[in-house]
Structure formats: C-alpha cells, structure tokens
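Read the structure below first, then the notes.
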Amino acid sequence: MSNQFHNSPNYGTINIHQTTNVGYVVPRRSWPRRHPILTTILVLFGLGFLANNWWILFVVGAVWLGVRAYRSREARQDLARQEQQRLIASADAQNQAYLNGHQFGTQGHFPTQGFPGQGFPGQGFQAQPNPNQPYPIQ
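Just so you know, we're using the numbering used here here: the sequence shown kicks off at 5 and counts up by one.
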C-alpha cells in the first residue's frame, strides 16, 4: 500500500484521513512550495547566469516571437479555410436548391421582396412568397 499523504502537513501523525477509507486525497503542493529555500537559490543562480549571458534573453525572445507569429499566421489561415468551406457549402446548398426549383437557389440568402400586389419582375402578376418560408441555410 502506498502512502498518498507524503505531502500532508501532518505527515507521520495519525489523522482521520489515514484511518478512514473515504477516498480523500490531500492535494499535492507544487515543487516551489515544497522546497522554498532551494527554489530561492536556483532563482538567484538563474539571475546571475542571465546577468553574465544577457544575449540569451534576446535569443529566447526572438524564438518566442517567431513561434507566436507562426501560430498567429496558422490561425489566420485556418479561419480563412473555414470561411472558404462555409462559402462552398452555402453555394452547394444554393445549387441544390436551384436544381430542385426552390427560391433559395436563385435568390440566395436575401430573397427579393416584390411590391404589395405585384409579382417579381418578368414574372407577371403573382402572389407574394411566404416570408416565413424556411431556407436550407440561414
């Protein structure tokens, strides 16, 4: 049986968490919180190293900016691809509607509205289409 309470502030003592099997696990603290003195020493050594080798900051910064610019470019290209796919799907839906004789195929997302009592141009006098008519793509 492994001891899951090695980070417990009461390690080595008997408490309710160790004597009952209720499934409670003490959350593991982060490395710096478990070793504050060692963390302080490592940070000071790191600052001293960077003070003597300041050019490393520029290299790391340049790499970071390059990766960020690359990811931004990839995200923009992905959005452009998604928009292109949306337009292709919309055009395909309109084409299918046109082949089936639906108004959406010729008027698209913005159907023309004739004047009251008049039909559409070139069609003579016709009744108005139902404005609540569902379209394949809204």
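By construction, the Cβ of each residue, glycine as well, lies at the ideal position given by its N, Cα and C atoms.
Given this structure, state the Cα-to-Cα distance separating residue i from residue j, to the nearest angstrom.
{"i": "Ala79", "j": "Gly70", "result": "14 angstroms"}
{"i": "Gln100", "j": "Gly109", "result": "7 angstroms"}
{"i": "Ala73", "j": "Ile60", "result": "20 angstroms"}
{"i": "Val64", "j": "Ile41", "result": "27 angstroms"}
{"i": "Trp35", "j": "Leu46", "result": "12 angstroms"}
{"i": "Gly121", "j": "Gln107", "result": "Low per-residue confidence applies at Gly121: pLDDT is 49, beneath 50, and the placement is therefore not dependable, though the value from the model is reported in the following sentence. When rounded, the distance between both Cα atoms is 19 angstroms."}
{"i": "Phe39", "j": "Ala66", "result": "Reading off the sequence shown, one finds His at residue 39, where the question assumed Phe. C-alpha separation (whole angstroms): 32 angstroms."}
{"i": "Trp58", "j": "Thr44", "result": "20 angstroms"}
{"i": "Trp68", "j": "Leu51", "result": "19 angstroms"}
{"i": "Ala84", "j": "Gly105", "result": "31 angstroms"}
{"i": "Arg32", "j": "Leu48", "result": "25 angstroms"}
DSSP state of residue i, grouped into three classes?
{"i": "Ser76", "result": "helix"}
{"i": "Trp58", "result": "coil"}
{"i": "Asn99", "result": "helix"}
{"i": "Gln107", "result": "coil"}
{"i": "Ser1", "result": "This structure does not reach residue 1, given that the chain is present from 5 up to 142, and the question cannot be answered."}
I think residue i touches residue j, with their Cβ atoms under 8 angstroms apart; what is that distance to the nearest whole Å?
{"i": "Gly112", "j": "Gln89", "result": "Actually they do not touch by this definition, with Cβ atoms about 18 angstroms apart."}
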